[in-house]
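Here's the structure, in structure tokens; my notes come after.
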Amino acid sequence: MSTLEALRDLFIRYASCSGQIINTRKSSIHAGGISHGRLNSMVQLLGFSIGTLPFTYLGAPIFKGKPKRIHFQCIADKIKNKLAYWKACLLSIAGRAQLIKYVVQGMLIHTMSVFSWPTSLLRDIEKWIKNFLWSGDTDKRKLVTISWKKVCGNYDEGGLGIRSLVNLNQATNLKMCWDLMQSDEDWAILLRRRVLRNSTCIKHHIFSSIWSGVIQSLHLQPSQIHRFPSKLCHYSHNFHWKISEEVNQIVPNLSFLIYHVTIPSHNHPDRLIWKHNSTGDLTLKEAYNFKKHRYPTLQWAKIIWSKDFPPSKSLLVWRLMLNKLPTDDNLSARGCLLPSMCSLCGNQEETSFHLFFECMYAVNLWCWFASMINRTLQFQSMEDMWSICNASWNPQCKIIITATMINIINSIWFAGNQMRFQNKIIHRKSSLATVKSNTALCGNISKVVASNNISNFVILKKFDVTLHPPRAPQIIEVIW
Numbered sequence: 081m082s083t084l085e086a087l088r089d090l091f092i093r094y095a096s097c098s099g100q101i102i103n104t105r106k107s108s109i110h111a112g113g114i115s116h117g118r119l120n121s122m123v124q125l126l127g128f129s130i131g132t133l134p135f136t137y138l139g140a141p142i143f144k145g146k147p148k149r150i151h152f153q154c155i156a157d158k159i160k161n162k163l164a165y166w167k168a169c170l171l172s173i174a175g176r177a178q179l180i181k182y183v184v185q186g187m188l189i190h191t192m193s194v195f196s197w198p199t200s201l202l203r204d205i206e207k208w209i210k211n212f213l214w215s216g217d218t219d220k221r222k223l224v225t226i227s228w229k230k231v232c233g234n235y236d237e238g239g240l241g242i243r244s245l246v247n248l249n250q251a252t253n254l255k256m257c258w259d260l261m262q263s264d265e266d267w268a269i270l271l272r273r274r275v276l277r278n279s280t281c282i283k284h285h286i287f288s289s290i291w292s293g294v295i296q297s298l299h300l301q302p303s304q305i306h307r308f309p310s311k312l313c314h315y316s317h318n319f320h321w322k323i324s325e326e327v328n329q330i331v332p333n334l335s336f337l338i339y340h341v342t343i344p345s346h347n348h349p350d351r352l353i354w355k356h357n358s359t360g361d362l363t364l365k366e367a368y369n370f371k372k373h374r375y376p377t378l379q380w381a382k383i384i385w386s387k388d389f390p391p392s393k394s395l396l397v398w399r400l401m402l403n404k405l406p407t408d409d410n411l412s413a414r415g416c417l418l419p420s421m422c423s424l425c426g427n428q429e430e431t432s433f434h435l436f437f438e439c440m441y442a443v444n445l446w447c448w449f450a451s452m453i454n455r456t457l458q459f460q461s462m463e464d465m466w467s468i469c470n471a472s473w474n475p476q477c478k479i480i481i482t483a484t485m486i487n488i489i490n491s492i493w494f495a496g497n498q499m500r501f502q503n504k505i506i507h508r509k510s511s512l513a514t515v516k517s518n519t520a521l522c523g524n525i526s527k528v529v530a531s532n533n534i535s536n537f538v539i540l541k542k543f544d545v546t547l548h549p550p551r552a553p554q555i556i557e558v559i560w
């Protein structure tokens, strides 16, 4: 009781010095493992009420035992309500993707960094997010979409950089496990004392809301974890490796992995090393990259995403390159059987390649583009058009070339939709004027510079783009 009296005196002194008085009606005591009489004495001394589990503190649920769906349902409901509120906003898919990355996932990372969420609840949230991304409505599913694993890839892998919640949860569990074994903070020391006995992991169950997530990240059952974490001295003798038979049964290839590793002769404290980076420390970014699915790098994916291009226009090109635009051929492949006819030329069935490269409306736009850059263009596939960007253009001219192709694709798609759904004809000259003005805007606001190349200079002038000369490496004052 002397400690509680000292704490009460501290509250009184703090109030007298700062003028901030503790509100006893909003303060509560949460205790466990003590008698009711002792708890009542604490309540009478401090004037606080008796709290019960679960409760919310700083936005995170506090509970006892393994995390369950009911503990995080309130956070999931807040996310769904926020997505439903954004439904009324006129947002493009690119705008919705930004809200998902920086708002929705930011609402989850606070609790994910501590607790292991139930996978079923994360799947439900991802379903709401997917529906909101493509349709703007959490309950409405679009027909032609891109797989969620692909969407969660990096930009250069053909994704949108949205993090998978399941992989993110596994990454935070791994980071929590790493911090538990490495950190010298009070929480880590306290939990290590509960779950480790002489460097051996406990085999019995404890009512901890954190330990279950740590166990999952180890991919081992408690009965399989022997002497973890262990020190180098447990596996060596006189600077030579000495692996016990028990460890060889758990990790059969351990002896092969350490055969070429030389034991240092210097005495340094043992510590865990994350081998996938140079510093040896595990960050959340490193943990997520370790857990996520990797895709091969795509050349065109590096080209279309740039701060110089509007994300909404780049996203349409991204969908085209993955063949996921709702053209007639893609709709029929998903069971939506309709009479197919190109809305722009009216001569052939509508496919993605025909609409953007073979239709006479599109051919006229690409011929105009070829005349502007003084090149002959022949596209056998969608990937062929990006080979133009590999030519020896200066940086500013390359931005102009890429922006023109992106704007041409967007203009063709806009004209086709206007003809099909509004019965409105967009003349080719109107589309060319839009492409040229949007391209000039991208080239003028860009910060990249041009070089002393007359052919590139001519192209910039054709698009009414101001030349950005490179900065002088050094300015020297010359006195005549």
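Here the sequence shown stands for residues 81 to 560, where the numbers follow our numbering.
The C-beta atom is built at its ideal place from N, Cα and C for all residues, glycine as well.
C-beta atoms of residue i and residue j nearer than 7 angstroms
i	j	result
residue 224	residue 490	no
residue 457	residue 446	yes
residue 429	residue 407	no
residue 543	residue 519	yes
residue 423	residue 500	yes
residue 244	residue 146	no
residue 109	residue 130	yes
residue 343	residue 319	yes
residue 383	residue 482	yes
residue 488	residue 526	no
residue 149	residue 201	yes
residue 289	residue 252	no
residue 62	residue 177	A question about residue 62 goes unanswered here, because the residues of the chain that appear run from 81 up to 560.
Secondary structure of residue i, DSSP reduced to three states
i	result
residue 111	coil
residue 135	strand
residue 374	coil
residue 197	coil
residue 282	coil
residue 380	helix
residue 643	Residue 643 lies beyond the stretch modelled for the chain, which goes from 81 to 560, so this question has no answer here.
residue 227	coil
residue 321	strand
residue 530	coil
residue 180	helix
residue 174	helix
8 angstroms contact criterion, which residue i and residue j should meet: CB distance rounded
i	j	result
residue 504	residue 362	No, residue 504 and residue 362 are not in contact; Cβ-Cβ is about 56 angstroms, not under 8 angstroms.
residue 372	residue 232	7 angstroms
residue 401	residue 385	Wrong, their Cβ atoms sit about 11 angstroms apart, outside the cutoff.
residue 152	residue 191	7 angstroms
residue 275	residue 286	7 angstroms
residue 368	residue 248	6 angstroms
residue 486	residue 345	No, residue 486 and residue 345 are not in contact; Cβ-Cβ is about 60 angstroms, not under 8 angstroms.
residue 217	residue 167	6 angstroms
residue 475	residue 545	Residue 475 to residue 545, Cβ: 12 angstroms. No contact.
residue 158	residue 187	7 angstroms
Where residue i falls, given that 16 or more other Cβ within 10 Å makes a residue buried
i	result
residue 559	exposed
residue 267	exposed
residue 416	exposed
residue 105	exposed
residue 100	exposed
residue 443	exposed
residue 277	exposed
residue 336	exposed
residue 135	exposed
residue 414	exposed
residue 282	exposed
Residue i to residue j span [Cα, whole Å]
i	j	result
residue 315	residue 141	41 angstroms
residue 338	residue 351	16 angstroms
residue 390	residue 195	37 angstroms
residue 162	residue 170	15 angstroms
residue 332	residue 355	20 angstroms
residue 455	residue 524	23 angstroms
residue 165	residue 239	26 angstroms
residue 212	residue 81	55 angstroms
residue 557	residue 450	45 angstroms
residue 498	residue 421	15 angstroms
residue 246	residue 551	47 angstroms
residue 533	residue 521	21 angstroms
residue 512	residue 493	13 angstroms
residue 222	residue 357	40 angstroms
residue 90	residue 102	11 angstroms
residue 260	residue 241	29 angstroms
residue 209	residue 467	35 angstroms
residue 308	residue 327	For residue 308, the predicted structure reports a pLDDT of 48, less than 50, and the residue's modelled location is therefore unreliable. The matter cannot be settled from this model.
residue 156	residue 185	11 angstroms
residue 85	residue 113	21 angstroms
residue 306	residue 360	For residue 306, the pLDDT reaches just 45, beneath the cut-off of 50, and the residue's location in the model is therefore unreliable, leaving the point undetermined.
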